[in-house]
Structure formats: C-alpha cells, structure tokens
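Take 807 as the starting number for the sequence shown in my numbering and just add one per residue. Ideal Cβ placement from N, Cα and C applies to all residues, glycine included. It should be emphasised that the depicted structure is a prediction, and the values quoted were computed from it without experimental measurement.
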Amino acid sequence: MVLDASIVGLGKVGLTRDATAPAIELARRAVLAASKDAGLRLDAVDGLLICRTSAATDAVLGLDLQRSLGLRDLKLLQVVLCEGASSISAIQTAALAVTAGVATTVACVFADTPVVPGQPARSGFGRLKTTTGVEGLRYSAGLFGGAATYALSAQRYLAQYGVDEEYLAGVATSTRAWAELSPEAMFRSPLTRESYFAARYIAEPLRLYDCAIPVNGAVAVIVTTRSRAADLEQPVVHILAAAQGHPGLPDRSGFDRAIVSGGQVAAAAMYEQSGIHAPDITACQLYDAFSICPLLSLEAYGFAAAGTAGELFRDGSTRPGGRLPVNTGGGHLSGYYLQGMTPVAEAVTQARGQAGDRQVTADTILVTNDGGRFDYHAGMILGTAGQWS
C-alpha cells in the first residue's frame, strides 16, 4: 500500500532529569505543542493514539487523555502498547488511518516520568516480578533489568562474529560526537575511547556509556494526508513506508534469537512498499537503548553484512561529516531516552532542515524502534517533499 501520510507537527516538552509534572500533563502539553507547531487548531485533531510505557505507575497513560485535552467526537482513539516499538507502531496506525480516510488528523504521543530526583534512574523502570511459569524463569535465575538481557545479546554478537568491545565503544563515542552539537542532549562533553573503557560495567560487556539516559518528558507528532500537509506551517515530511516485524520463537532453522530482531521483516516490507533501499537512505535514526541495538539494525536493513556494522562506527562513517549519519541528536545513549519517540523527533527535525549545527543531508531517513529484547520491532522511512512528492 502506498501511504498518503505526512508528519506535520512536532511537540516536545520536559526533557529533564529534574522533578516534573505528571506524565498525563506532559502528554497534554506535547499534543498542544505539536498542534501549534503544525499551525492547526486542536479541534482539527480527530484521532489520538497514546503510546503506553511499561515503566512507573504515574507514566501509564490511558484513554482519559482525550478528556484532558478537551477533544470531542474523535474518529480514532487507542492505546498502543508494543514496548519500545510503540511510537512507530502508533505512527504507522495513524498513517494507515489517514490514508484510508478513517481519520484526517491524528496525534501520536508518548510521555514518561521515570526519573525521580534522589532515586536511581533505573528505579523508574522497575516492575513487580514473578518467579513462576515461563515468565519467571529469567528472574528465578537472577536475570534482572534491561541491561542484563541486552548484555546477553551483546556477548553473543561479539562471540559469534569474533569482534571485540571496540565495536560497542564506536557506537557510544559516535553518538556522543553528535550530542556535542545538540542543545537538547543530556550529555554533551566529549567521550574518548579511553574514557569509555575506563567506565564500569553495568552488565558485561555493556559499560556505563552503552546504556540509555532516561529523562522525564513527552513527544507528540501530528499525522495527516499529503494534500493537507502542503497547506500547513512546517516543511512537509512524508511517511514513505512503515512496517513492523516480530520474530517470535525460533523455528527449526535454528536462527540465533539473541541477535536476530524483526528488522529483517520490516526492512523487506518497507523496501517493497517504497522502492527505496539502503543505498538510497541518507541518514539513520536508530533505537539505541543499548549500544548493541544500532549494530543489529544496520545489518538487518542491509547497510552492512552480519558482524561488520561496527566498522561503520570505527571508520567515522556514522559521525559528523561521515557518509551515513546515525543518531544525529545523540540518540538514547547521549541525547535523551523517551523510547521510540527519540529517533522519531530527531528524524522529523532533520527532514525539516531545522537541526542547526548538526544538520545533515536528510531527504530519506530510516527510523527504527525496538521493544523487549529484540522481541518487537517497527521501522519507517521518512522523506522530504522535494525528492519524494
């Protein structure tokens, strides 16, 4: 299906590690900001998709956000829960809805408030655990937290392909180089290879700088049709393709579940939808809650052969001035962690040509989301009006 959909509004609020308003209030403000950014009255919104986090109780948004916003007579209202892949999943749903005429103008919003001053950042992502049944096996074995599970994948990747932690270091230092250019990034001081390796392990082989920087805040986008987008305030950012991929359990072919995501499934679908392939893409905004994530995404989408994506980070291709800019706002590792909306917001900013000192050529941008431990995946390709309309 050819999508008749564009992102016309972007709203960001909060982005702080200090005390802040409740998540529902941040979400409300973000939708208002996105509507204003697009030059739309709020009552033009007839669809609302709420990306749900699985973190702190305060951050669990629900359908009552409609009432908080004062929206009436919505044609589309849903909570979208696909773990870290929720944001692009919601935008895909919005794009399909406006293409089919189910709604005309859909807001997609994510808000989170995991950071409480005086408490460890990880505490905001804590959940009540069970030690029974299949779900309880990992906890019974002492495997707690996202870093520990992603460390298993990182360890497997390094062993499978005979590479070392320099690959992970390359990801962390590359994203920090971009963060130095972004006023919104939480960490902007230079990160050298020596500083990276001097940092403690969180879960071997993942060190401190291999793990995301959680923040409080919210991001919203507005999706509408291409024809309507042309009459609004901002440069048009087309949704050229969007797809999901969820690998499930291994089959008899025995693929390595630890280092295989749904990226291959989503990539094939998007490339077929759009006729765009890896060589046509000029920038990537990849989900990087942990440094292993962009390595696997680049390989899944055909930018590098299996086990070689680290060379793109090592030879400078992904850094400022490189041939394939990756995570130009600092990503989750050095920018800010608002799950899947972090790469979405940066992609829209780049496609509009509004990224300031970090602006790159960004007429076709790959954006990815990952959820679980590579259990859930969503991707999309954004393009500018000049090349793809």
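Where the beta strand (DSSP E) containing F780 begins and where it ends:
A query on residue 780 cannot be resolved here, the shown segment of the chain reaching from 807 to 1195 and no further.
Return the residue from the list D852, L1102, D918 that minimises the CA-CA distance to Y967.
Per the Cα distances, L1102.
With a 10 Å radius around its C-beta and 16 neighbouring C-beta atoms as the bar for buried, classify M807 as buried or exposed.
By the neighbour-count criterion, in which a residue is buried when 16 or more other Cβ atoms sit within 10 angstroms of its Cβ, M807 is exposed.
Cβ separation of S1069 and G1051, assumed to be a contact under 8 Å, to the nearest whole Å:
The question names Ser, yet the displayed sequence has Gly at residue 1069. That belief holds up - the Cβ atoms of G1069 and G1051 are roughly 6 Å apart, short of 8 Å.
A817 and A1075 closer than 9 Å at C-beta
It should be pointed out that residue 817 corresponds to Gly in this sequence rather than to Ala. For the pair G817 and A1075, the CB atoms are not nearer than the 9 Å cut-off.
Strand pairing of N1175, partner residues [DSSP]:
According to DSSP, N1175 shares a beta bridge with A1184.
Would V886 be called buried (16 or more neighbouring beta carbons within 10 Å of its own) or exposed?
It counts as buried.
Opening and closing residue of the alpha helix (DSSP H) in which V904 lies:
892-906 is the span of the alpha helix (DSSP H), which, as asked, contains V904.
Hey, out of A1110, F1096, T1190, V814, whose CA is closest to Y956's CA?
Of A1110, F1096, T1190, V814, the residue nearest in Cα terms is F1096.
Beta strand (DSSP E) runs contained entirely in the segment 992-1033, provided each spans 3 or more residues
Counting only unbroken stretches of 3 or more residues, the beta strand (DSSP E) elements lying wholly within the segment 992-1033 are 1007-1009, 1022-1030, in sequence order.
Only counting the same chain, and skipping five residues up and downstream in sequence, which positions put a Cβ closer than 7 Å to that of V837?
Around V837: G817, L875, A913, V915, A1026.
For T863, which of helix, strand or coil comes out of DSSP?
Residue confidence for T863 is low, a pLDDT of 45 falling below 50, so the modelled location carries little weight; the figure read from the coordinates is stated next. Helix, per DSSP.
Under 9 Å between the Cβ atoms of S841 and A850?
Yes, the Cβ-Cβ distance between S841 and A850 is below 9 Å.
With DSSP run on the structure shown, which of helix, strand or coil describes H1138?
In the displayed model, H1138 falls within a helix according to three-state DSSP.
Mapping the DSSP letters down to three states, classify L826 as helix, strand or coil.
The residue asked about is misnamed: residue 826 is Thr in this sequence, not Leu. When secondary structure is reduced to three states using DSSP, T826 falls in the coil class, being assigned neither helix nor strand.
P1131 and A1072: beta carbons closer than 9 Å?
Taking the C-beta atoms as reference points, A1072 is found no nearer than 9 Å to P1131.
Taking contact to mean 3 or more Cβ pairs, one atom from each stretch, closer than 8 Å, check whether the segment 1158-1178 and the segment 1012-1026 are in contact.
With fewer than three CB-CB distances shorter than 8 Å, the segment 1158-1178 does not count as touching the segment 1012-1026.
What are the partner residues of M812, as DSSP defines its beta bridges?
Looking at the sequence shown, residue 812 is not Met but Ser. According to DSSP, which records beta bridges pairwise, S812 is partnered with T1030, H1044.
Please report how far the alpha carbon of S812 lies from the alpha carbon of Y973, in whole angstroms.
The alpha-carbon atoms of S812 and Y973 are separated by roughly 35 Å.
Return the chain-ordered list of same chain residues with a C-beta closer than 6 Å to the C-beta of R835, the five sequence neighbours on each side being excluded.
So the qualifying residues of the chain are V819.
G952 lies in the beta strand (DSSP E); which residues open and close that run?
Going by DSSP, G952 is part of no beta strand (DSSP E) but of the alpha helix (DSSP H) stretching over 952-967.
Could you give the DSSP three-state label for G820: helix, strand or coil?
In the structure shown, G820 adopts extended strand secondary structure according to DSSP, grouped into three states.
When the distance is taken between beta carbons, is G1141 closer than 9 Å to T822?
Contact: no.
Looking at the strands, I want to know which residues DSSP matches up with V886.
C857.
Please state whether DSSP places T1208 in a helix, a strand or coil.
Since the first residue shown for the chain is 807 and the last is 1195, residue 1208 is missing from the structure and cannot be characterised.
Taking S1033 and H1183 to be in contact with their CB atoms under 8 Å, please state how far apart those CB atoms are, rounded to whole angstroms.
31 Å between Cβ atoms; not a contact.
What does G868 pair with, by DSSP beta-bridge criteria?
None; G868 has no bridge partner.
Y1107, DSSP secondary structure in three states:
Residue state, collapsed to three classes: coil.
DSSP three-state assignment for Q1091, whether helix, strand or coil:
Three-state result, Q1091: strand.
Residue environment, F1109, which counts as buried when at least 16 other CB atoms sit within 10 Å:
It is buried - the Cβ of F1109 has at least 16 other Cβ atoms within 10 Å.
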